[in-house]
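Here's the structure, in structure tokens; my notes come after.
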Amino acid sequence: DDNLQLAQVHWQLWPGGCVTLDMGKLEIVIGNDRYPGLEIPAEASTIRSWKELVANGFLGEKVLYAEKLTCHSDEFRVLEEDTAVPSPPTPMRVSGPRSILGMFAMALRKKVGPPRAVTNAAKIQLPPKKKQSSWPWVGKYHVLRTIGSGFTGPCVYEAEDLHNHIKVALKWPTQKAEASVFKSIAEQRPEGCLGIPFLLDAGRYDNRPYLVMHIFKSPLQNFMPRIWATPRDQRWPLTCVLGRLLLRRLEALHSCGFVHCDISPENVMLGRHGGGFEPYIVDFGLARAYPGGARLGGEHGSGEWSSIRSGDGGERRFEDDLEALGWLLMNCMHSVLPWFPCLEVAYKKWDASATREATVLQVQSMKRTFLNEGWKSVGKWCAGQPTPPEELLRFLFAAQTEVEPPRRPDYAYLAGLLGASKDLDAEAAEAEDLRLWHKEFEHPS
Numbered sequence: 001d002d003n004l005q006l007a008q009v010h011w012q013l014w015p016g017g018c019v020t021l022d023m024g025k026l027e028i029v030i031g032n033d034r035y036p037g038l039e040i041p042a043e044a045s046t047i048r049s050w051k052e053l054v055a056n057g058f059l060g061e062k063v064l065y066a067e068k069l070t071c072h073s074d075e076f077r078v079l080e081e082d083t084a085v086p087s088p089p090t091p092m093r094v095s096g097p098r099s100i101l102g103m104f105a106m107a108l109r110k111k112v113g114p115p116r117a118v119t120n121a122a123k124i125q126l127p128p129k130k131k132q133s134s135w136p137w138v139g140k141y142h143v144l145r146t147i148g149s150g151f152t153g154p155c156v157y158e159a160e161d162l163h164n165h166i167k168v169a170l171k172w173p174t175q176k177a178e179a180s181v182f183k184s185i186a187e188q189r190p191e192g193c194l195g196i197p198f199l200l201d202a203g204r205y206d207n208r209p210y211l212v213m214h215i216f217k218s219p220l221q222n223f224m225p226r227i228w229a230t231p232r233d234q235r236w237p238l239t240c241v242l243g244r245l246l247l248r249r250l251e252a253l254h255s256c257g258f259v260h261c262d263i264s265p266e267n268v269m270l271g272r273h274g275g276g277f278e279p280y281i282v283d284f285g286l287a288r289a290y291p292g293g294a295r296l297g298g299e300h301g302s303g304e305w306s307s308i309r310s311g312d313g314g315e316r317r318f319e320d321d322l323e324a325l326g327w328l329l330m331n332c333m334h335s336v337l338p339w340f341p342c343l344e345v346a347y348k349k350w351d352a353s354a355t356r357e358a359t360v361l362q363v364q365s366m367k368r369t370f371l372n373e374g375w376k377s378v379g380k381w382c383a384g385q386p387t388p389p390e391e392l393l394r395f396l397f398a399a400q401t402e403v404e405p406p407r408r409p410d411y412a413y414l415a416g417l418l419g420a421s422k423d424l425d426a427e428a429a430e431a432e433d434l435r436l437w438h439k440e441f442e443h444p445s
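Mind the numbering: the sequence shown is residues 1 to 445 in full-length UniProt numbering, read in order.
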């Protein structure tokens, strides 16, 4: 189109970016860097087609997950995927995970060379902040309410991005190492990997680091009463569906070289995907690289579901996450496990090292006995309790089988114990399990 060749289209990327089309060339600005002279293919006529070209290697290398970027008008109104590139002089903003914008900038540098500095006139003018409320501003995020807590008190908040009014989850304070884990995962995560959230932003508030991620609907912990309310003959098949979904997410995380180290119902969130909700693994505050990661004491992690071996302290392994998944699935089958009451009492005095050490040893012993003897090992507790599924007990024993790097656990065998079909590839199996999950529970509590 001759008119397109003569047009000058101005784009702006948030955080801080603009793209200008002049005589068929884009000028892209990210932060205070300007990348001029990018040739535009004629087929890049809509937001969707432009993202597809970027994702498929238009810049010389693929920018994975470019479709996750969200484009906005200058008034911060979201532009739909089929919307045409804005006509001049209307600017367009793009928000999205910082890791994806980083990949985009790296590809641009290789395509058109190093950036130039943006002049003051080209920099984005931020809209005025809203009137201060009783909740603080953390960077460009207005904290709205508490949505998660740890041993030390509130630490996860719902917040609103000042610039696009999107709700996010803000974790503060956190450890600097957790942001490093997110960035490493973003660089190594397999294509098509689901169930592990992107890091959207990071910074410092009150001289302590914070992280910003997508916000999810509800933790699995709030959803488990609905599983317990399911008739026993249906509870195990439903638990298997959840187990297969989480097993794939752990396999993806492990393929990036990390052990989560704290698998629990509080650290599995239900987030919207397609027409329903899928599980996401969150909270990488204890995550460690494997092999060669920093050691953790036996008291670190959620003792209700942690592996027996992790109670000894030391380097955490992939197998520890898998055994923890097994105990989480056992918890889906039985609302209370024998060691829960002693942990509930101990947590009130958890600051005392003697209490922690004694409780960890007690829980280790109770888990070993339960695996070998079942409910009869706890006397009065066994009244009315059904025998755990044989496949689940085999899963727990198999998860404890250690293999040395570079070998990895046999995820396919574990999935088979949870009823996985051998006739489906990973993508088809994921789609089928999500279908079964959504069929049983359309919405989380």
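Note that the Cβ used here is the ideal one computed from N, Cα and C, for glycine as well.
Going by C-alpha distance, which of 303, 439, 310 and 286 is nearest residue 341? Within the sequence shown, residue 341 is the residue found at index 341, counting from 1. When C-alpha distances from residue 341 are compared across 303, 439, 310 and 286, the shortest belongs to 303.
With a cut-off of 8 Å, does the C-beta of residue 283 fall near any C-beta of chain D? This model lacks chain D altogether; it includes just one protein chain.
Residue(s) in a DSSP beta bridge with residue 320: Numbered from its first residue, the sequence shown carries residue 320 at position 320. For residue 320, no pairing in a beta bridge is given by DSSP.
Per DSSP, residue 161 is paired with what? As a working note, residue 161 is residue 161 in the sequence shown. As computed with DSSP, residue 161 is found in a beta bridge with 141.
Does the Cβ of residue 21 have 16 or more other Cβ atoms within 10 Å, making it buried, or fewer, making it exposed? Residue mapping note: residue 21 aligns to position 21 of the sequence shown, counting from 1. Residue placement at residue 21 is flagged as unreliable, the pLDDT there being 37, under the threshold of 50; the coordinate-derived value follows with that caveat. The residue is buried, with at least 16 neighbouring Cβ atoms inside 10 Å.
Using CA coordinates, which residue listed in 434, 403 and 339 is at the minimum distance from residue 270? As a position in the sequence shown, residue 270 is number 270, starting the count at 1. Cα-wise, what sits closest to residue 270 is 434.
Taking only the alpha-carbon atoms, compute the straight-line gap between residue 52 and residue 176 and give it to the nearest angstrom. The count along the sequence shown starts at 1 and reaches residue 52 at position 52. The count along the sequence shown starts at 1 and reaches residue 176 at position 176. The straight-line gap separating the alpha-carbon atoms of residue 52 and residue 176 is approximately 33 Å.
Integer-rounded CB distance, given that residue 307 should sit under 8 Å from residue 324: Here the question's residue 324 lines up with position 324 in the sequence shown. Here the question's residue 307 lines up with position 307 in the sequence shown. Yes, they are in contact, since the Cβ atoms of residue 324 and residue 307 sit about 6 Å apart, within 8 Å.
Return the chain-ordered ranges of every beta strand (DSSP E) run that is complete within the region 268 to 303 and spans a minimum of 3 residues. Segments of the beta strand (DSSP E) lying fully in the region 268 to 303: 268 to 273 and 276 to 281.
Same chain, Cβ closer than 6 Å to residue 162, neighbours up to 5 away in sequence not counted: By one-based count along the sequence shown, residue 162 stands at place 162. In chain order, 140 place their CB closer than 6 Å to the CB of residue 162, counting only its own chain and leaving out the 5 sequence neighbours on each side.
If you drop the 5 nearest sequence neighbours on each side, which residues of the same chain put their C-beta closer than 6 Å to that of residue 339? As a position in the sequence shown, residue 339 is number 339, starting the count at 1. Here the set comprises 363 and 366.
According to DSSP, residue 214 sits in a beta bridge with which residue or residues? Here residue 214 is taken as the residue at index 214 of the sequence shown, counted from 1. Paired residues: 168.
When the Cα atoms are used, what is the spatial distance from residue 431 to residue 239? Your numbering for residue 431 matches position 431 in the sequence shown. Your numbering for residue 239 matches position 239 in the sequence shown. For residue 431 and residue 239, the distance between alpha carbons rounds to 17 Å.
Member of 429, 290, 331 and 46 whose CA lies at the smallest distance from the CA of residue 407: Numbered from its first residue, the sequence shown carries residue 407 at position 407. Minimum Cα-Cα distance from residue 407 among the listed residues 429, 290, 331 and 46 corresponds to 290.
Coarse secondary structure for residue 244, derived from DSSP in three states: Against the sequence shown, residue 244 aligns to sequence position 244. In this structure, residue 244 counts as helix in the three-state DSSP scheme.
Contact belief for residue 67 with residue 107 at Cβ below 8 Å, rounded distance in angstroms: The count along the sequence shown starts at 1 and reaches residue 67 at position 67. The count along the sequence shown starts at 1 and reaches residue 107 at position 107. Contact doesn't hold; Cβ gap of about 15 Å is too wide.
Starting from the C-beta of residue 243, find all residues in its chain whose C-beta is less than 6 Å away, skip the five residues before and the five after it, and write them out in chain order. As a working mapping, residue 243 is identified with position 243 in the sequence shown. Correct list, in chain order: 329 and 418.
Buried or exposed: which applies to residue 359, given that a residue is buried once 16 or more other Cβ atoms fall within 10 Å of its Cβ? On the sequence shown, residue 359 is found 359 positions in, with the first residue counted as 1. A residue is called buried when at least 16 other Cβ atoms come within 10 angstroms of its Cβ; residue 359 meets this threshold and is buried.
Output needed for residue 149: all residues of its chain with C-beta closer than 7 Å, excluding positions within five of it in sequence on either side, in chain order. Within the sequence shown, the letter at position 149 stands for residue 149. Around residue 149: 155.
Does the Cβ of residue 379 have 16 or more other Cβ atoms within 10 Å, making it buried, or fewer, making it exposed? Sequence index remark: in the sequence shown, residue 379 carries index 379 (1-based). With fewer than 16 other Cβ atoms inside 10 Å of its own Cβ, residue 379 counts as exposed.
Give the DSSP bridge partners of residue 201, in chain order. Counting from one through the sequence shown, the residue named residue 201 turns up at place 201. Residue 201 is bridged to 212.
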